[in-house]
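The numbers in the sequence shown follow numbering that gives the first Met the number 0, run straight up by one, and end at 400. A virtual CB, placed ideally from N, CA and C, is assigned to each residue, including glycine.
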Amino acid sequence: MLRPLIALLLLVTPMHAALDRGVWFWGNTTTPAGPSPYGSSVVVGDAAAEDETISFFTSHAVKRVYGSYQNRPVSEPTVIADWNLKLNDAGVQSQLLLSGYEVNDPVWVADLLDKVQDRFIDFNDSYAATPGKQFDALHLDLEPQGLSDWDISSATRRALLDDLADTYTAIRTLLDDNGYASIPIYADIPFFWDKLPADGGSVAWADAADRDTWFAAIGASLTGVSVMTFSKDNVPALEDATLYERTGSFPGFARIAIQPKGWPGEMWPSILHFYAVLNELELTHAPDYATDIENYAFWRYSIATIGPVIGSAVEIDIELSDDPGVTPIGDLDVGPVIIFPGEAGYTYSLKSTASLEPDDWRSETSHQVDAEGGFQWFRIPVPPRGPRSFYRLEVELTPAE
Numbered sequence: 000m001l002r003p004l005i006a007l008l009l010l011v012t013p014m015h016a017a018l019d020r021g022v023w024f025w026g027n028t029t030t031p032a033g034p035s036p037y038g039s040s041v042v043v044g045d046a047a048a049e050d051e052t053i054s055f056f057t058s059h060a061v062k063r064v065y066g067s068y069q070n071r072p073v074s075e076p077t078v079i080a081d082w083n084l085k086l087n088d089a090g091v092q093s094q095l096l097l098s099g100y101e102v103n104d105p106v107w108v109a110d111l112l113d114k115v116q117d118r119f120i121d122f123n124d125s126y127a128a129t130p131g132k133q134f135d136a137l138h139l140d141l142e143p144q145g146l147s148d149w150d151i152s153s154a155t156r157r158a159l160l161d162d163l164a165d166t167y168t169a170i171r172t173l174l175d176d177n178g179y180a181s182i183p184i185y186a187d188i189p190f191f192w193d194k195l196p197a198d199g200g201s202v203a204w205a206d207a208a209d210r211d212t213w214f215a216a217i218g219a220s221l222t223g224v225s226v227m228t229f230s231k232d233n234v235p236a237l238e239d240a241t242l243y244e245r246t247g248s249f250p251g252f253a254r255i256a257i258q259p260k261g262w263p264g265e266m267w268p269s270i271l272h273f274y275a276v277l278n279e280l281e282l283t284h285a286p287d288y289a290t291d292i293e294n295y296a297f298w299r300y301s302i303a304t305i306g307p308v309i310g311s312a313v314e315i316d317i318e319l320s321d322d323p324g325v326t327p328i329g330d331l332d333v334g335p336v337i338i339f340p341g342e343a344g345y346t347y348s349l350k351s352t353a354s355l356e357p358d359d360w361r362s363e364t365s366h367q368v369d370a371e372g373g374f375q376w377f378r379i380p381v382p383p384r385g386p387r388s389f390y391r392l393e394v395e396l397t398p399a400e
């Protein structure tokens, strides 16, 4: 007897803009399974792992990699240069990622400037004859909100943001003075810094003009920012959280940054739920404001751990189009498609209706995983049935032979 386990619908609507994704590529990341095999400390230097990673990037529309390599640009310059060249040949920017907190400590800031000198300027100088091996940009993840001083008062937070702006300026000046005035600097900032005290903000902005002046000032040093919105799980909330950076006084790029934590207990119960938000976001905002993904290891873990989801039927009202589209994992396709994961031992039956009447569900197709004990993705084109359609995916145990 067949025992229904799930009735789940996931529809991927066609994309109407080119995708232009960035991804953080940290040296080490811990997932629920332990240390990730997808950190730069594991991948970079292993030719096979590098090639597999770049294949993932290109098939998932990643155009910018924010790579943290610790001191390897100094201790292993050839390894990093060869990795940069592979990214360059694949059409992917390599941005050197530097991180930290203590922007209020002159000793720490001096050490950071030394790292910019050694890991970026001196490294790029040594590969002046082969630009493909150089870093394309500098990416800063400087987060004073991680300091204990941040919690002292709103006035302290305001002062720390001035320290941060001064740090950006010092780095910009260092690059300019060493022949890298054309090199972009990007930075990560949380979405809540722009909120005024009257609106519940935690930074002691004197008024809107004070805030606007600060954002305009950092724009003199930065080409763009990634606005970290990791607590937001829907497109309206993401748009609202980043509205000021996208439309206010900051003069550069402002990209919406989200985390692909798609597993039980996280904001999204599966990577498919994350993809649904990602696609809706990119449908409106790609390529100008979307999307930066934090980070590569979380993304891969979410994909690797997905399985059938137990739940009730979900129907989603969709708009259909014959325009060329892009699936959430970056592959080109034509028209709307439904993406879902398959696991051995289950039968997946797709049904459709234009009315949601109980007797109007029409069987479209049925699928099983090819390999015993295996797992695979299914991508099923869905035909237009008028101005809107509804789809249901029924998953049942396959009877033993």
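With fewer than 16 other beta carbons inside 10 angstroms of its own, T397 counts as exposed.
The alpha-carbon of D162 is positioned some 49 Å away from that of I337. Two segments are said to touch when three or more pairs of C-beta atoms, one from each, lie closer than 8 Å; by this definition the region 48 to 64 does not touch the region 104 to 120.
Non-local C-beta neighbours of M266 in its own chain, meaning closer than 7 Å and more than five positions away in sequence, comprise D232, K260, ordered along the chain.
Straight-line measurement puts the Cα of G66 at about 18 Å from the Cα of I255. Measuring C-alpha to C-alpha distances from I379 to each of L355, K350, D209, Q69 identifies K350 as the nearest. DSSP places E363 in the strand class (E or B) of the three-state scheme. Inter-segment contact for the region 287 to 304 and the region 24 to 35 is present: three or more beta-carbon pairs are separated by less than 8 Å. Within the region 199 to 241, complete beta strand (DSSP E) segments of at least 3 residues are found at 223 to 227, given in chain order.
For the pair A253 and K132, the Cα-to-Cα distance works out to about 27 Å.
Residue environment: F24 is assigned as buried (16 or more neighbouring CB atoms within 10 Å of its CB, all protein chains considered).
Residue burial is scored here from C-beta neighbours: D239 has fewer than 16 other C-beta atoms within 10 angstroms and is therefore classed as exposed. Assignment of beta strand (DSSP E) within the region 30 to 98, counting only whole runs of 3 or more residues, yields 61 to 66 in chain order. By a beta-carbon distance limit of 8 Å, D135 does not contact S98. Their separation comes to about 18 Å. Excluding five sequence positions before and after Y345, the CB atoms of its chain that fall closer than 8 Å to its own CB belong to L4, P307, Q367, V368, V394, E395, L396, T397, given in chain order. With a cutoff of 9 Å on beta-carbon distance, L86 and L137 are scored as not near each other. One thing to note: F214 has its Cβ no nearer than 9 Å to the Cβ of I257. I188 is bridged by DSSP to V226. I151 sits exposed, since fewer than 16 C-beta atoms from the chains shown fall within 10 Å of its C-beta.
Under the 10 Å beta carbon count, N70 is surrounded by fewer than 16 other beta carbons and is classified as exposed. Taking C-beta atoms as the reference points, V224 and I188 count as a pair closer than 9 Å.
The beta carbon of R157 lies closer than 6 Å to those of V202, A203 in the same chain, with the five residues before and after it left out.
DSSP lists L96, Y185 as the beta-bridge partner residues of H138. Rounded to the nearest angstrom, the gap between the Cα atoms of A180 and G218 is 14 Å.
Spanning the alpha carbons of A48 and V42 requires a straight line of approximately 5 Å. Contact between G251 and T212 does not hold, since their C-beta atoms are separated by about 16 Å, which reaches or exceeds 8 Å.
If you compare the alpha carbons of A128, E101, F190 with that of F249, the shortest gap goes to F190. Counting only residues of its own chain and dropping the five nearest sequence neighbours on each side, T166 has a CB closer than 6 Å to the CB of V102, V108. In this structure L18 touches P286 by the C-beta definition: roughly 7 Å separates them, less than 8 Å. Put simply, of T290, T283, L280, L271 the residue whose alpha carbon is nearest the alpha carbon of T304 is L271. For I257, the enclosing beta strand (DSSP E) covers residues 252 to 257. Residue environment for R299: buried (at least 16 other C-beta atoms within 10 angstroms of its C-beta).
It is roughly 8 Å from the alpha-carbon of G90 to the alpha-carbon of T57.
Counting other Cβ atoms within 10 Å of its Cβ, R118 reaches 16 or more and is therefore classed as buried.
Burial is judged here by how many other beta carbons sit within 10 angstroms of a residue's own beta carbon; R361 has fewer than 16 and is exposed. For A275, the enclosing alpha helix (DSSP H) starts and ends at 270 to 284.
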